[in-house]
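Comments concern the structure below.
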Amino acid sequence: MKLKFWGVRGSIPTPGKSTVRYGGNTPSLELRLDNGELIIFDAGTGIRNLGDHLIANGESIKTYILITHPHWDHIQGFPFFKPAFVSGNEITVIGTDREEIDLQHIIADQMKKIYFPIQLNELKANLNFRSISEEEFNIFDAHVRTIYVNHPGFTVAYRIDYNGKSIVYVSDNEPFDKASAQLLSNFEPVVLKKFLEHRGDPNQRIVDFARGADVFIHDATYTPEEYVDKVGWGHSHYLFALKLANEANVKHCILFHHEPNRTDEHIDRILEKCRNEIKQKNFTFECSAAYEGLEISW
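Okay, so the sequence shown: first residue is 3 according to my numbering, each after it adds one.
See below:
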């Protein structure tokens, strides 16, 4: 498999001289199976550059876009994804519904005339929508599993297993604490119940899900010091990401969803601290910080 990052920033795009090396686009990743078949994780602003690249190569598109959740930073690039405007292309969007609105209307609403000049039903590609919860299914020859994570709304992580290789994508996830969780009001009761009913440490759900993954991409929005004031916001600090990676015995942990105000130099320092932590604790996995253009093959 081959993975390329097109957007790695959380919450809002951050163009400027202080984010040049790691990039300012919001989440979108390109995954190629061994036969070249295309799977896309999330449709943040990074998907625009991916779409431009596909068009420039003259590639006919049949792809699946796996949406973790419909917060702005994960869907705001879809209206600018040029392959969706091309007849003959086939795009299946996979993600979660809400009680009050389904996945298709979530995507369509951001393209209403008040917000955008072209409506969803005017796109020329063949568009399909598949609503999911926690489940397993196949796309192409890859096996996909999903699990709810600790982030406001019905947010899922994805695991893809293919030809003995695996990748786990956990873009937005927060350490789950039983005491504080019951005081928060911005989480779906169904998701909250799944964590509360887990015996022992509820975060073991994520560890078991990621067990043995070749590539483990995880939210590392905050530093441990910042997280103290961000409990309930739905994001992790980098030490928690390392803890999960170690307990899950993954091979490569990639820090993701960088905080909007994080400069390139700050991310450099965080990565250095993480690698020192790994060395001091004799962890065995590799650690990287995601940046636009990063490619990994395995």
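Cβ coordinates follow ideal geometry from the N, Cα and C atoms, glycine included.
So, using beta-carbon positions, are residue i and residue j closer together than 8 Å?
| i | j | result |
| --- | --- | --- |
| alanine 86 | alanine 58 | no |
| phenylalanine 218 | isoleucine 149 | no |
| histidine 254 | serine 290 | yes |
| histidine 259 | histidine 153 | no |
| proline 262 | serine 13 | yes |
| glycine 214 | asparagine 175 | no |
| valine 95 | phenylalanine 118 | no |
| glycine 26 | tyrosine 293 | no |
| cysteine 276 | leucine 296 | no |
| isoleucine 108 | isoleucine 67 | no |
| phenylalanine 142 | threonine 98 | no |
| threonine 223 | isoleucine 272 | no |
| phenylalanine 173 | aspartate 221 | At residue 173 the sequence reads serine, which differs from the phenylalanine that was named. Yes, the Cβ-Cβ distance between serine 173 and aspartate 221 is below 8 Å. |
| isoleucine 63 | isoleucine 103 | no |
| threonine 65 | leucine 40 | yes |
| glutamate 307 | valine 146 | This structure leaves residue 307 out entirely; the chain is present only between 3 and 300. |
| threonine 28 | proline 17 | no |
Excluding sequence positions up to five away, which residues of its chain have a Cβ less than 7 Å from the Cβ of residue i?
| i | result |
| --- | --- |
| histidine 200 | Gln206, Arg207 |
| lysine 180 | Leu198, Pro204 |
| leucine 242 | The question names leucine, yet the displayed sequence has phenylalanine at residue 242. Answer for phenylalanine 242: Pro177, listed in chain order. |
| leucine 186 | Gly234 |
| valine 22 | Asp266 |
| aspartate 216 | Lys167, Ser168, Ile169, Lys253, His254, Trp300 |
| isoleucine 69 | Asp44, Ala45, His76, Ile77, Val95, Ile96, Gly97 |
Among the residues of its own chain, which have a CB less than 8 Å from the CB of residue i, if the five just before and after it don't count?
| i | result |
| --- | --- |
| serine 182 | Val233, Gly234 |
| asparagine 123 | Ala110 |
| isoleucine 134 | Ile96, Gly97, Thr98, Thr148, Val158 |
| proline 81 | Gln112, Met113, Phe118, Ile120 |
With DSSP as the reference, please indicate the residues paired to residue i in a beta bridge.
| i | result |
| --- | --- |
| cysteine 289 | Cys255 |
| leucine 5 | Leu33, Ile298 |
| threonine 148 | Tyr160 |
| glutamate 138 | Arg147 |
| histidine 239 | Tyr224 |
| serine 133 | Gly97 |
| isoleucine 41 | Leu33, Tyr66 |
| asparagine 128 | Glu92 |
| histidine 260 | Arg11 |
So, at 6 Å on beta carbons, what are the nonlocal neighbours of residue i in its own chain, with the 5 sequence-adjacent residues on each side left out?
| i | result |
| --- | --- |
| phenylalanine 302 | The requested residue 302 is not part of the displayed model; the chain covers only 3 to 300. |
| isoleucine 298 | Leu5 |
| isoleucine 77 | Ala45 |
| asparagine 329 | The structure shown does not extend to residue 329, since the chain is modelled only from 3 to 300, so the question has no answer here. |
| leucine 129 | Ile93 |
With hydrogens ignored, establish whether the beta-carbon of residue i is closer than 7 Å to any heavy atom of the ligand ATP.
| i | result |
| --- | --- |
| serine 182 | The ligand ATP is not part of the structure shown, which contains no ligands of any sort. |
Inter-stretch contact (C-beta, 8 Å, three-pair minimum) for the segment 240 to 248 and the segment 185 to 203 = Too few Cβ pairs lie closer than 8 Å, so no.
Contained beta strand (DSSP E) runs [length at least 3] in the segment 150 to 225, N- to C-terminal order = Counting only runs that start and end inside the segment 150 to 225, the beta strand (DSSP E) elements of at least 3 residues fall at 158 to 164, 167 to 172, 217 to 221.
What runs of the beta strand (DSSP E), each 3 residues or longer, lie entirely inside the segment 48 to 126?
-> The segment 48 to 126 contains these whole beta strand (DSSP E) runs: 64 to 68, 92 to 97.
Indicate whether the contact test is met: 3 or more Cβ pairs, each with one atom in the segment 158 to 168 and one in the segment 32 to 48, closer than 8 Å.
-> Per the Cβ contact rule, the segment 158 to 168 is in contact with the segment 32 to 48 (3 or more Cβ pairs under 8 Å).
Between the segment 7 to 27 and the segment 37 to 49, do at least 3 Cβ pairs fall closer than 8 Å?
-> The segment 7 to 27 vs the segment 37 to 49: in contact.
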